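**Q** Read in the UniProt record's numbering, the sequence shown has 4 at position 4, and its numbers run on one by one without any break.
We put the beta carbon where it would ideally sit given N, CA and C, even for glycine.
Computed from a predicted model, the values in this text were never measured in an experiment.
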Amino acid sequence: MGFLSPAPYHILSYGTLLGTTFFHTFVGGIVSFRVLTRPQFAALMAKIFPIYFSMQTALPAVMALTYPGSKNPFGSAGGVSGVLDPSNRWSVLAPLASAFLCSLGNLVFIGPATTKCMDERRQQEKKDGKKSYDPPPHSQEMVALNKKFSMLHGISSLLNLGTFIASVVYGVTLSSRLS
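Below is the structure:
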């Protein structure tokens, strides 16, 4: 085995995916929101999310490439062909593809749309002379932007949760191979 085997890289990639997703979702993001002012929090997340979503997207792909084959000569192959083996459709392919697609959606579509909406809200705040999170009343434009931001944030959160759940599901499959 050793460093030439794909297995250690597979395990390290899985641990990094699960660990970063868990930490950002349930610790880092929450603590940052509680400690930082809203503008500071928004600036921090605008810098972290592209890196975070890139990692969440790349790691399932790395895991597919490094999928360790069966030790049984009649078992599934390693790498992508092992992931695509019909016997692994639900236990390996589905969770890895789900994690990849949820993260890709956040990286390519939802994340940039949310950042754009945040910029539009900042511009509207200057026009209105009032922060988006100040108590109502707000201009019609700000009400619409706040609604749009809430929707995008909700979708992003669901996609992130989808990545987390898919990672945990895959972890059950991975742990079954340790015996």
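Per DSSP, what kind of secondary structure is residue 174 in: helix, strand or coil?
**A** helix
**Q** Could you tell me the distance, in whole angstroms, from the CA atom of residue 142 to the CA atom of residue 90?
**A** 44 Å
**Q** Would you call residue 105 buried or exposed, if buried means 16 or more other Cβ atoms sit within 10 Å of its Cβ?
**A** By the 10 Å Cβ count, residue 105 comes out buried.
**Q** Using three-state DSSP, classify residue 66 as helix, strand or coil.
**A** coil
**Q** Looking at residue 6: is its Cβ nearer than 9 Å to the Cβ of residue 65?
**A** yes
**Q** Drop a sphere of 10 angstroms on the beta-carbon of residue 145, count the other beta-carbons inside from all chains shown, and report buried for 16 or more, exposed for fewer.
**A** buried
**Q** Let me know the secondary structure DSSP gives residue 37 once reduced to three states.
**A** coil
**Q** Quick check on the DSSP output: what are the complete alpha helix (DSSP H) runs of length 4 or more inside the region 46 to 126, in order along the chain?
**A** 79 to 84, 94 to 105
**Q** Taking 9 Å as the threshold (C-beta atoms), are residue 55 and residue 18 in contact?
**A** no
**Q** Residue 46 and residue 115: beta carbons closer than 9 Å?
**A** yes
**Q** My understanding is that residue 20 touches residue 67, with C-beta atoms under 8 Å, so please give their C-beta distance in whole angstroms.
**A** So it is not a contact: roughly 20 Å between Cβ atoms.
**Q** Under 8 Å Cβ to Cβ from residue 107, same chain only, skipping five residues before and after it: list those, please.
**A** Hits under 8 Å: 50, 53, 54, 56, 57.
**Q** Applying the 10 Å Cβ sphere with the 16-neighbour rule, what's the burial state of residue 43?
**A** By the neighbour-count criterion, in which 16 or more other beta carbons inside 10 Å mark a residue as buried, residue 43 falls on the exposed side.
**Q** Taking the straight line between their C-alpha atoms, what separation do you get for residue 26 and residue 168?
**A** 14 Å
**Q** Around the Cβ of residue 161, are there at least 16 other Cβ atoms within 10 angstroms (buried) or fewer (exposed)?
**A** exposed
**Q** When burial is assigned at 16 or more other CB atoms within 10 Å of the CB, is residue 37 buried or exposed?
**A** Exposed, by the Cβ-count rule.
**Q** On the DSSP letters alone, give me the boundaries of the alpha helix (DSSP H) that residue 19 sits inside.
**A** 7 to 23
**Q** Any idea what DSSP makes of residue 148, helix, strand or coil?
**A** helix
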